[in-house]
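In this text, residue positions in the sequence shown follow our numbering: the first is 7, and each later residue adds one. Cβ coordinates follow ideal geometry from the N, Cα and C atoms, glycine included. Quick caveat: nothing in here was measured; it's all calculated off a predicted structure.
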Amino acid sequence: MPPTRLSYAPVSTAGSWPPDPPPPLRCAIHQPNLLPRLTTLAKLFASDVWIVLDDVQFARRDYQHRTRLAALDDPNRRQWLTISTHLPHGRSTLIRQARITEPHRCRRRTAHLLHDNYRASPHWPLLRHALAPVLELFTATDRTAVITEASTRILLDLLGWQGKILRSSDLPSRPGRSQRLADLAAAAGAGAYLCGTGGMTYLDPAPFTGHGITVHPFRTPTAGLWQYGRQISALRALMLLGPDTLAAALHTLSASAQGMHASAPAPRERLTPVKTRLFCTPPGTASPASSCPTTAA
Numbered sequence: 007m008p009p010t011r012l013s014y015a016p017v018s019t020a021g022s023w024p025p026d027p028p029p030p031l032r033c034a035i036h037q038p039n040l041l042p043r044l045t046t047l048a049k050l051f052a053s054d055v056w057i058v059l060d061d062v063q064f065a066r067r068d069y070q071h072r073t074r075l076a077a078l079d080d081p082n083r084r085q086w087l088t089i090s091t092h093l094p095h096g097r098s099t100l101i102r103q104a105r106i107t108e109p110h111r112c113r114r115r116t117a118h119l120l121h122d123n124y125r126a127s128p129h130w131p132l133l134r135h136a137l138a139p140v141l142e143l144f145t146a147t148d149r150t151a152v153i154t155e156a157s158t159r160i161l162l163d164l165l166g167w168q169g170k171i172l173r174s175s176d177l178p179s180r181p182g183r184s185q186r187l188a189d190l191a192a193a194a195g196a197g198a199y200l201c202g203t204g205g206m207t208y209l210d211p212a213p214f215t216g217h218g219i220t221v222h223p224f225r226t227p228t229a230g231l232w233q234y235g236r237q238i239s240a241l242r243a244l245m246l247l248g249p250d251t252l253a254a255a256l257h258t259l260s261a262s263a264q265g266m267h268a269s270a271p272a273p274r275e276r277l278t279p280v281k282t283r284l285f286c287t288p289p290g291t292a293s294p295a296s297s298c299p300t301t302a303a
């Protein structure tokens, strides 16, 4: 009998290693802004979760009820678009407590200024359609924050953002500027916090470290598309480039941002996409939080 020839098939290692864990959930915390600036929109777009900071003091000098529009043909030709707002508790009024005054006039002026500035864009019909529910909110609610949050939601929707939106007034947190932001990020299940350049000047990373959350500085370029990104509404960039091209630019920025994963962030299957619910029930009135930060990074 001939000798038996033994042969051994190599053992496959496929599937023997656990899959790489998903990247940490990225969180941005920001006040509701009216048709926000490009730098603000970019930070929200790069996040998986936007926590709307609605229970801090309303600041008239900020963008919580206004935005600066710029003409398509000249970024230096600008005008303010403002929602007339009453603060029932004076300077201590929280963002979510601010009330719209003259809603019919504000609606007409908003529609007129947007049409006047951007009707020449080939992308105007798309924006006009998306804005219709926002304009209806002027007479459907008396809360400024409902309209400003909705105005940001529709821009994120046009860009194909797949994240989810929470409100700070619905989440537990402790006093202290950085402590509160860290608690909010932790309550959202975030593993990374996107911090703008302004926030990096005051943010204490210790509370975030205590939650196991990494602070990622989020910076935008200052040339080209971004030259006026901190000064004017993102609407001009959207109307010049269109949603697809602008979304591609924001994907590139978020992928290359310092401390973030190299892969583009969209779409994120581990999150359930949130449809824009413009006619949402405004949250109830919360007690003033004097120790809460008035801005978020």
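Local conformation of residue i per DSSP, three classes
{"i": "Gln37", "result": "coil"}
{"i": "Tyr199", "result": "strand"}
{"i": "Ala212", "result": "helix"}
{"i": "Thr45", "result": "helix"}
{"i": "Arg67", "result": "coil"}
{"i": "Thr91", "result": "strand"}
{"i": "Leu190", "result": "helix"}
{"i": "Thr99", "result": "coil"}
{"i": "Leu50", "result": "helix"}
Cut-off 6 Å between Cβ atoms - residues of its own chain near residue i, not counting five sequence neighbours on either side
{"i": "Ala192", "result": "His217"}
{"i": "Pro38", "result": "Val58, Ala151, Thr154, Glu155"}
{"i": "Gln185", "result": "Pro213"}
{"i": "Thr278", "result": "Because Thr278 carries a pLDDT of 33, less than 50, the predicted location of this residue cannot be relied on, and the following value inherits that uncertainty. Closer than 6 Å at the Cβ level, and outside the excluded window around Thr278, lies no residue."}
{"i": "Leu44", "result": "Gly235, Ala240, Ala243"}
{"i": "Thr99", "result": "Phe64, Leu93"}
{"i": "Tyr69", "result": "Asn39"}
Buried or exposed by the 16-neighbour rule on C-beta atoms within 10 Å, applied to residue i
{"i": "His222", "result": "buried"}
{"i": "Trp167", "result": "buried"}
{"i": "Tyr208", "result": "exposed"}
{"i": "His36", "result": "buried"}
{"i": "Asn123", "result": "buried"}
{"i": "Pro42", "result": "buried"}
{"i": "Ala255", "result": "buried"}
{"i": "Ser262", "result": "exposed"}
{"i": "Gln103", "result": "buried"}
{"i": "Gly230", "result": "exposed"}
{"i": "Asp54", "result": "buried"}
{"i": "Asp26", "result": "exposed"}
{"i": "Ser260", "result": "buried"}
{"i": "Arg6", "result": "No answer is possible for residue 6: it lies beyond the span of the chain, which begins at 7 and ends at 303."}
{"i": "Leu159", "result": "The displayed chain sequence assigns Arg, not Leu, to residue 159. Under this definition Arg159 is a buried residue."}
{"i": "Thr215", "result": "exposed"}
{"i": "Ala268", "result": "Low per-residue confidence applies at Ala268: pLDDT is 36, beneath 50, and the placement is therefore not dependable enough to give any value."}
{"i": "Arg354", "result": "Because the chain spans 7 through 303 in this model, residue 354 falls outside it and cannot be assessed."}
{"i": "Thr228", "result": "exposed"}
Backbone CA spacing between residue i and residue j [nearest angstrom]
{"i": "Thr220", "j": "His71", "result": "31 Å"}
{"i": "His118", "j": "Tyr234", "result": "23 Å"}
{"i": "Ile238", "j": "Ala196", "result": "30 Å"}
{"i": "Leu31", "j": "Met245", "result": "30 Å"}
{"i": "Ile89", "j": "Arg173", "result": "21 Å"}
{"i": "Gly202", "j": "Leu162", "result": "18 Å"}
{"i": "Ala126", "j": "Arg183", "result": "44 Å"}
{"i": "Trp56", "j": "Ala48", "result": "12 Å"}
{"i": "Pro29", "j": "Thr226", "result": "21 Å"}
{"i": "Leu50", "j": "Arg97", "result": "27 Å"}
{"i": "Phe178", "j": "Thr107", "result": "A small correction: the amino acid at residue 178 is Pro; Phe does not occupy that position in the sequence shown. When rounded, the distance between both Cα atoms is 31 Å."}
{"i": "His121", "j": "Arg74", "result": "15 Å"}
{"i": "Thr91", "j": "Ile101", "result": "11 Å"}
{"i": "Leu143", "j": "Asp176", "result": "22 Å"}
{"i": "Ala34", "j": "Trp232", "result": "20 Å"}
{"i": "Gln85", "j": "His95", "result": "29 Å"}
{"i": "Ala194", "j": "Asp61", "result": "16 Å"}
Minimum Cβ-Cβ distance from residue i to chain D less than 8 Å
{"i": "Pro178", "result": "Absent here is chain D; the protein component of the structure consists of one chain."}
Contacting residues, own chain, Cβ-Cβ under 7 Å from residue i (five flanking each side not counted)
{"i": "Arg242", "result": "Ala76, Leu78, Pro81"}
{"i": "Arg180", "result": "Arg186, Asp189"}
{"i": "Thr116", "result": "Leu87, Leu141"}
{"i": "Ala253", "result": "Leu165, Gly166"}
Cβ-based neighbour list, residue i, same chain, cut-off 8 Å, excluding 5 preceding and 5 following
{"i": "Thr145", "result": "Pro109, His110, Arg113"}
{"i": "Pro249", "result": "His129, Leu132, Leu164, Leu165, Gly166"}
Residue i Cβ short of 7 Å to the ligand ATP heavy atom set
{"i": "Ser53", "result": "In terms of ligand content, the structure shown is empty, and the ligand ATP therefore cannot be addressed."}
Runs of 4 residues minimum, wholly inside the region 215-270: which ones carry the alpha helix (DSSP H) assignment? At a cut-off of 4 residues, the continuous stretches assigned as alpha helix (DSSP H) that sit fully inside the region 215-270 are 241-247, 249-262.
My parser needs the beta strand (DSSP E) runs of 3 or more residues fully inside the region 102-184; what are they? For the region 102-184, whole beta strand (DSSP E) runs of length 3 or above, ordered along the chain, are 170-173.
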